[in-house]
Amino acid sequence: KVAFSQIGQESDWRTANTDDVKKAIVDAGWELIYDDAQQKQENQVKALRNFITQGVDYIVFTAIVTTGWDDVLAEVKEAEIPLILIDRLPETSFGNDDWYTCYFGGDFPFEGYKAGMWVKNYFESIGHKGDINIVRLSGTTGSDPQIGRTKGFDEVVAANPNMKIVYDQTGNFTRAEGQAVMEAALKAVPKIDVLWAENDDMALGAIEAIKAAGKVPGKDIIIIGCDAVKAAFEAIVAGEMNATSECTPLMGARVVEVIKGLEAGQTFDKVVHPVEYVYDMNGGIVIDDDGNVSLKAADHINERLY
Amino acid sequence: MMRKRMKLDTERITKSKLFWAIVAELLILLVCLIIRPDFFSISYQPSSGMLYGSLIDILNRSSEITIIAMGMMLVIATAGTDLSVGSLVAVSGALALRLMRWDLDLYPTPGDWSITPLYLVIAASLGACLLMGSFNGLLVSRWNMQPIIATLILMVAGRGIAQVITGGKQMTTMFSPFKFIAHGSFLYLPMPVIITAAVILVIYLSTRRTAFGLFIESVGVNRSASRVSGLNARRIIMTVYMISGFLAGISGLIYSSRIISNDSNNAGQGYEMDAILAVVIGGGNMAGGKFNIAGTVMGSLIIRTIITFVYYFGVAAEAIMVFKAMIIAVVIILQSEPIRRMLEKRSRMRRSIQGGALHE
Amino acid sequence: MTESVILSMQGMEISFPGVKALDRVDFTLRSGEVHALLGENGAGKSTLIKCLTGVHRMDAGRIMFDGSEISPSSPQEAMKMGISTVYQEINLCPNLTVAENIFIGRQPMKRSQIDWKEMNRRASELMERFNIHIDVTRPLDIFSTAVQQIVSIARAVDIQAKVLILDEPTSSLDENEVDRLFRVMEGLKKEGLGIIFITHFLDQVFRIADRITVLRNGQLVGTFEAGGITKLDLVTRMIGKDMDAIYNLKRPDVAKDAGKMLEADRIGITGGTVGDISLHVKEGELLGFAGLLGSGRTETAQMLFGVTRAGKGSIRKQGKTIRVRHPIDAIGQKIAFCPEDRKRDGIIGDLSVRENIMLVTQGRRGLFRPMSRQEQVQLAEKYVKLLGIMTPDIEKKVGELSGGNQQKVILARWMATDPDVLILDEPTRGIDVGAKAEIQRLMIELCGKGVSVLFISSELDEIIRCANRILIMRDGEKAAEVPGGSTTQHEILSIIAGEGVQGGVA
Amino acid sequence: MSKPARTRNTLLNRLMNPKFIMVYATIVVFLLIYTIGALLYGDKGFTTLRTFLNLFIDNAYVGISAVGMTMVIITGGIDLSVGAVASLTGMFIAYGNTILGIDPFICIAFSILIGVALGLAMGAMIQYLKVPAFIATLTGMFFARGVCALISRESIAINHAAFNELAKWRIKIPDVKPLAYVNFNVLLFIVMILIGAYMLQATRFGRNVYAIGGNEQSASLMGLPVNRTKVLVYGFNGLCSVLAGVAYALYVKSGWNLSLQGAELDVISSAVIGGTLLTGGVGYMFGTLFGVLLKSVIPALITFNGTLLSWWAKIGTGVLLLLFIGIQRIVVSASARKKL
Ligand SMILES: Nc1ncnc2c1ncn2[C@@H]1O[C@H](COP(=O)(O)OP(=O)(O)OP(=O)(O)O)[C@@H](O)[C@H]1O
Ligand SMILES: Nc1ncnc2c1ncn2[C@@H]1O[C@H](COP(=O)(O)OP(=O)(O)OP(=O)(O)O)[C@@H](O)[C@H]1O
Ligand SMILES: [Mg+2]
Ligand SMILES: [Mg+2]
């Protein structure tokens, strides 16, 4: 019996994540107990308690918020149920880390960092001189991805004085708010070179606002998003968006791999990040310190299922 | 005689809640003007064929709430509330996208096409919302359920329904007639503004140019007495919830056309509170009774102005809440009866002093 | 007589938007006297009381109470000082039990807890004093208006006070109850209380009052010793003009061949308190309803109008069987109904006088044929004038009118529908003598035009004076039917009391 | 002469009072749903004492808040700020202790001060400025949420020995498997319910609350201290919200500015399902107790099912909600018919 406690369904990315994990577990032939917390921490706590009562064998867990899990996770540990964390790594006061089996999820600061590097190197590649005025649409303030991506991107900005963040506002990870905020930004800020949206939804919303302002998205304003969902690929192929830094929701395979391993008595590294890329129009832009380059979106659009 | 009449009129104006709502709106705008005069710049945007500027944005983006608030206003006038409107926005959008795309398992690149003709898409979305509105109405008018609880049911379940419709997916479309709903223009104005104006007009005509408005108010003030006076209170309440649902549907189409996709999770989130707020700022009484169309529109504009203000000046978005709280508190307190009476007494006193001086 | 002045008010002034409700009114009350306060509807009687008890803040004036100047800012404060009040509209909490309504705010305590047993016991006792035998642990709202009124009187009387104010306490009481109330008042008077008594029943005034103060249009007309003024004189002073014509009303003439307008055949509520009522009223006839409190008059009227559904029996209008399941049906049959409970079933408080008057007429015309503003104003103004409704303008909220004027607005609403059958349940309650006569005259006039009127009233002489026939009800059944005019009050009373000497009519 | 039959004041008679019908209806529906759950998921452990006590443990904070809310609703008001105030309490404790190093119990005292003050302020706004309760408390909610966000946008863990001790403290029920226990929150919940019931039933203050809900104008004319009572009720509700916040902080041991979003609707609907009328004047603490349980049994059922997609879970919640209210109506109207 495998139990899976998911945050809720706040975006497409999450849906893809849920679907993938659930499908993998079911395909592996195990009984799945799934609970959707509907964005409420208390619901997740309840669900975890419930899993213990039901006597499940494994718990797969995505924490909605970083803190506040000590009690219930202690109970999980007491009940000796292996805990597999995905997507988000909560903080606890346990001192050591043997309360969970392993963690698998995106490296948010690195995603932001790659986005920043892409912007820097892209402008170098087209021979742009002088300041780069950046508008940032950040995610829901206080959420893990927002904090991580902001931090990673800021690292690049700090290292490159010509990159300037001229406008910074939260768009709460939604298309509608991304659009409304961009609409205001276009009026408040005279010159915008780059839009860095901390997820693709906000970028896709912002594209419409840019069009309405009479500018050409992807040309007048370079747009880079994050997540790399299919809709973003489509926008990149259509030339309305420039790049997106991947954050994969496909975690089911890893979950199954871990559980199978545990059954066989294997142990795992505590923290593992998936391999993620940056996709853009033409590819070939350097995105990290190791010299990895971005991939061309058009080549990969068909493998995207979410 | 003439002078007396004029005096009476100014008195009436300053006493009306609408007046204070307008004052509040102007004050916020004044602050904007002082900080950055170019907030007010409006120019013609040839590529989209409409006017372009922050003020236009306020009008444009307030449409969703204004339209919903029109329905909410009628519901509140019957001493009810409709918490389900936000979820209905999601349902309407989900259904529209589903009908246009009809491709749950595949993700073909969205293009300028639609499986279903636009009129059917619109009819189905609005029809579904109308149906859900009548479900609310049924619970409230027939079962005599308390409106907050009755509409809570669809508030919770509505989002679920929206997700079921689209299989929990967010679908994008490039179908240009559909895009036109939110991105098109007419008479140099964005379509949502036009649609909102039309809705306001229809609501005005159907409530103030027929006896419907009077009946609603009457039922809201005293249902028992209205029944004895031969009004079909049940049917009136039912109708009002249906209207509210229908308008939420329109709002949902605008919302989804804006983002050219559906968003079952976030569409219409919190709209019910904003709409109620707009109605109350506009002078509506939660206990039922008189409603004021112009005031409600004003209330909605105030709310949107605050948000635009925050976005435009790059204020931390967390402050929206505190901002909203403060501005609303000020408006509501100014509108409150004891304060108005105080102001009135004072002005009367001043006038009588002046009168005395004149006599000497 | 060496009664000392316990309360005096000097130069009381207050104005509401559009009206000067009190204009330099003086009033004194001695301990051990019953002082009647009289005046037309809207004269300012209730307002004077409300200024005294701190409901309204007066604009000017001084109040001396028990030797010192006071300015109460809330009813609570006034109560603490020893002023106990029954307000005109019944002001009780429908969700609480009868006992609680009597004792709320001053419940007997035991070990710092409310002593419910003691409270219920005392409440029962108190209600017995008024000869009401009910379960005081039931919520108030299941009882009729009359019981509620007695509850509020019981509450006021039980408070240890120096001054007792009764604002129209007798408007929905019948003779027996009034007698009992008066006995209680006499007792309190002996104990040295000062009582202010507001009423529109002049008979009652002469029975109990020691002195009389008359207000008109917010101004003081004068204070008189009860022995030193005649009834006619009093009326003249109240209304400001001679009105003896009103006592010469003629009963409507019913044509010999007049058809039956409305017939009811053994109607009743299944499982309810009223059953098996048969009655008919002819064209142009005025049928009076007499009976004790709770005898079922109101319920009968409500059945005829479809407010409550008659489970059995049939109703015919002009020979044709009709179905009335909702007031809409009745209105469609040109039946009109002026309900007893004005606050609950009558006025729509937040709407204006104009809207209240036009409401039913508009309802009949339907949604899509709205009356133009001009029509509305015409209609409203016509009836404001016809019924002498005192209001600064027709846009005033009905809820802000004086009680009597609210009643007139409802009457206007129904008269405006031009009905065939007019059912009036206590229409003259709380209405001043002038207006009362006016309403009676109107009823008779309507009968003259062929309208049939069903007239429910607790005032027997009023019924006897106006009705062609009187239907007497007892315990939810029809007890007798007697012709009007020739029957005396005494005869009717004996039928009402009939065999059913229940409870304890002392 | 026949003496009127005195109703005997036996316990049975008192319990059969028709005014409790709504409460009984709630209890009946709760038992019904619980039985259904037991039949469906009995084998998964739905019937264990632990599951039952979990209903209390997991919803103690809702219940504590519902005590104050019931009182507010009985006066005919409403308070939308409860979730935000509880969340603010969590922030105060977390930020105060973890970041500023203040003793958490001092933070709690401070929160109580702020919560009650905010409650009183909203009450005063409602009572003296005649602002509709819905709006006054909505601004209160925006305000409290805003302050939360200004304090910190990240969730902060609470780590304090005594606080942890309190959170961990529990009374184990002996001899049952799986392990069942009652913790501090549950006791606080039960105590608050009892205090609330005592206040409503046995004090003048409580009766005034009912009177105000029945008819505020009448209550004032009857000489009751309407203004004071109403303002105090909102103050008391502020206290309840803070205590709910404390319970929640004990529950998750952290503070987060977005926690307890929408909790106000849970609290209100718990009270209403328990038979409290939003129009005021009617409501009982024990009704609210069962309202809370009833409301919490739905998510429990859905989790036990364990296969429902998130959206079907939402629809399911809606349908169950409708079901209760339907059954409640039927029970009430059936007994009303019998009475006639
Ligand atoms: N709250 C109020 N707001 C505005 N006007 C009011 C208010 N209360 C009373 N008035 C006005 O004051 C005047 C006096 O009213 P009041 O109730 O004192 O009359 P009354 O003598 O008691 O009449 P009735 O016999 O009908 O009860 C009326 O014209 C009424 O319209
Ligand atoms: N004195 C009383 N004692 C007990 N019950 C009463 C009393 N008065 C009225 N009731 C209740 O009221 C019901 C009938 O009231 P209804 O209003 O139809 O009578 P009514 O003749 O119109 O009296 P009213 O003059 O009060 O309007 C009775 O069945 C009874 O339950
Ligand atoms: Mg009066
Ligand atoms: Mg009657």
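Protein chains in written order, with the numbering used here: chain A, 1 to 306; chain B, 1 to 360; chain C, 1 to 506; chain D, 1 to 340. For each residue, glycine too, the CB sits at the ideal point set by N, CA and C.
In three-state DSSP terms, what is residue i?
i: Asn356 (chain C); result: helix
i: Cys226 (chain A); result: strand
i: Ala264 (chain C); result: strand
i: Gly222 (chain C); result: strand
i: Arg24 (chain C); result: strand
i: Glu69 (chain C); result: strand
i: Arg88 (chain A); result: coil
i: Thr51 (chain D); result: helix
i: Val505 (chain C); result: Its pLDDT being 34, under 50, Val505 (chain C) is placed unreliably in this model, and the value from its coordinates should be taken loosely. Three-state DSSP puts Val505 (chain C) in coil, outside helix and strand.
i: Ile260 (chain B); result: coil
i: Asp131 (chain A); result: coil
i: Phe175 (chain B); result: coil
i: Trp113 (chain B); result: coil
Just to confirm the assignment, what range does the alpha helix (DSSP H) spanning residue i have?
i: Gly291 (chain C); result: No alpha helix (DSSP H) holds Gly291 (chain C); the beta strand (DSSP E) holding it covers 286-291.
i: Val26 (chain A); result: 12-27
i: Glu246 (chain A); result: Here Glu246 (chain A) belongs to no alpha helix (DSSP H); instead the beta strand (DSSP E) covers 243-246.
i: Ala497 (chain C); result: 489-497
i: Cys51 (chain C); result: 45-52
i: Glu272 (chain B); result: 271-281
Measuring CB to CB, does residue i end up less than 7 Å from residue j?
i: Ala146 (chain C); j: Leu166 (chain C); result: no
i: Lys282 (chain C); j: Lys312 (chain C); result: no
i: Leu129 (chain D); j: Ile333 (chain B); result: yes
i: Ile362 (chain C); j: Met371 (chain C); result: Sequence check: residue 362 (chain C) is Gln here, not Ile. It is a contact, given that the beta carbons lie within the stated cut-off.
i: Thr273 (chain C); j: Gly476 (chain C); result: yes
i: Leu80 (chain D); j: Glu264 (chain D); result: yes
i: Leu4 (chain C); j: Ser31 (chain C); result: It is worth fixing the name first, because residue 4 (chain C) is Ser in this sequence and not Leu. Against a cut-off of 7 Å, the Cβ pair of Ser31 (chain C) and Ser4 (chain C) comes out as a contact.
i: Cys338 (chain C); j: Pro427 (chain C); result: yes
At which residues does the beta strand (DSSP E) containing residue i begin and terminate?
i: Ser8 (chain C); result: 5-16
i: Ile389 (chain C); result: Counting along the chain, Ile389 (chain C) falls outside any beta strand (DSSP E), and DSSP gives it neither H nor E.
i: Leu231 (chain B); result: Premise fails: Leu231 (chain B) is in no beta strand (DSSP E) and is neither H nor E.
i: Leu118 (chain B); result: That residue, Leu118 (chain B), is in no beta strand (DSSP E); its alpha helix (DSSP H) goes 118-141.
i: Phe345 (chain A); result: Missing from the structure shown is residue 345 (chain A); chain A here goes from 1 to 306 and no further.
i: Val182 (chain D); result: 180-183
i: Trp116 (chain C); result: Premise fails: Trp116 (chain C) lies in the alpha helix (DSSP H), 116-129, not in any beta strand (DSSP E).
Inter-stretch contact (C-beta, 8 Å, three-pair minimum) for the stretch 259-273 of chain D and the stretch 37-56 of chain D: Result no; under three Cβ-Cβ pairs closer than 8 Å.
For the structure I just gave you, are there three or more beta carbon pairs, one from the stretch 46-57 of chain A and one from the stretch 42-49 of chain D, closer than 8 Å? Result yes; three or more Cβ-Cβ pairs closer than 8 Å.
Do the stretch 462-473 of chain C and the stretch 281-297 of chain C meet, that is, are 3 or more Cβ pairs less than 8 Å apart? Contact between the stretch 462-473 of chain C and the stretch 281-297 of chain C is present, with at least three C-beta pairs closer than 8 Å.
Closer than 5 Å from C-beta to any heavy atom of ligand 1: which residues, in chain order? Those residues whose C-beta sits under 5 Å from the nearest heavy atom of ligand 1 are, from N- to C-terminal order along the chain, C:Phe16, C:Val19, C:Ala21, C:Asn41, C:Gly42, C:Ala43, C:Gly44, C:Lys45, C:Ser46, C:Thr47, C:Glu400, C:Leu401, C:Ser402, C:Gly403, C:Gly404.
Would you be able to state if there are at least three C-beta pairs under 8 Å between the stretch 252-263 of chain D and the stretch 31-43 of chain D? no
Does the stretch 344-364 of chain C come into contact with the stretch 434-441 of chain C, if we say contact requires no fewer than three beta-carbon pairs (one atom in each stretch) closer than 8 Å? no
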